[in-house]
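*Asks:*
Residue numbers (the numbering used here): 928 to 1282.
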């Protein structure tokens, strides 16, 4: 069993507990409870929820099209109809989309209702479960509305990973890769030595390592005023790619591609050596990216990058690696020169992209 992690927050401190069986923990939760469940989790583990009154369960269809204020308001209406009060607890099972909806609704309803989170995807276990940040989409634009409202406690049962599809499994690896690159060299070398699929007994180790690295950053800059912006490594291009494909590719996969783009630009900007770019690229190609991504309109992707919330004027704060394997925020002007570098990247990585 991995040691728990205690997260310090300006709102309140909370804990990440690593557990053997979510059923035992679920049975021990007391008080008035209301549940927000990913429908797929309920279907796979229906017997675990058999003792819960169905009228206390709000079912989520965890697709990007549902990550909007309409779903948030539906959940708030559900709370009202059930008679939820401030002393109730919201119990959430699911991945990042379900987490975003539960975070926003719990924060807005009655000016905060306590909530607890059982992340069920690798992506939510190794990254989004801590930090308290949620994002709600507006139209085609990702994460335009959000709050900071962490759960009171997070319970990680890595056995949920056993029921993930290969695509959903790989979806979480971009975040583990990100933290391995910015931790000590041994973490990255360990990851390189692994196969593309790691059993839950060992994946818990990587989840813990990744969360421990993120903990350092969010405790120093909880509300993303400066340092925490480095956690957007891979997300700038990743979000644009998601929008370009109308979410045909998963968020984590898009972030992995985004890391490759960021490393290429960092090399061209003189921030890292070509050898590091190529080494990480080889790992990405071997372990993560098994399908070709076709980009017929690179100018459209570039225009989507302009809508990123990190853009100020015509300058983007780009999270990149430097030679010391530190993540830094590097300003880049969204001009013809950067567009040319982006197109050069597409041309030199034709086995990933076709432009």
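We treat Cβ as the ideally placed atom computed from N, Cα and C, and that holds for glycine.
1. In chain order, what residues of the same chain lie with their CB nearer than 6 Å to the CB of residue 1045, ignoring the 5 residues before and after it?
2. Does the Cβ of residue 1240 have 16 or more other Cβ atoms within 10 Å, making it buried, or fewer, making it exposed?
3. Grab me the residues of residue 1030's own chain with a C-beta within less than 6 Å of its C-beta, minus the 5 sequence neighbours each way, in chain order.
4. Could you tell me how far apart the beta carbons of residue 1156 and residue 1246 are, in whole angstroms, since I believe they sit closer than 8 Å?
5. With distances taken from CA atoms, which of 946, 1259 and 1097 is nearest residue 928?
6. Tell me the rounded alpha-carbon separation between residue 1103 and residue 1053.
7. Rounding to the nearest angstrom, what Cα-Cα distance links residue 1243 and residue 932 in this structure?
8. Residue 1303 lies in the beta strand (DSSP E); which residues open and close that run?
9. Suppose you measure from the CA of residue 1266 to the CA of residue 1080; what does that come to, to the nearest Å?
10. From residue 941 to residue 1056, what does the alpha carbon distance come to, in whole angstroms?
11. Can you give the Cα-Cα distance for residue 1257 and residue 1069, rounded to whole angstroms?
12. Which whole-angstrom value describes the C-beta separation of residue 1016 and residue 1043, a residue pair presumed to lie in contact below a C-beta threshold of 8 Å?
13. Pick from 1255, 1214 and 1092: whose alpha carbon is nearest that of residue 1122?
14. Beta-carbon separation of residue 1183 and residue 1101 under 8 Å?
15. Within its chain, find whatever has a CB closer than 8 Å to the CB of residue 988; leave out the 5 residues flanking it on each side and keep chain order.
16. If you scan the segment 1112-1158 from start to end, which runs of the alpha helix (DSSP H) of 4 or more residues do you find wholly inside it?
*Replies:* Walking through what the data contain:
1. 949, 1020 and 1082
2. exposed
3. 1061 and 1076
4. 6 Å
5. 946
6. 7 Å
7. 33 Å
8. No statement about residue 1303 is possible, as the shown extent of the chain runs from 928 to 1282 and does not include it.
9. 44 Å
10. 11 Å
11. 22 Å
12. 6 Å
13. 1214
14. yes
15. 966
16. 1112-1120 and 1127-1147
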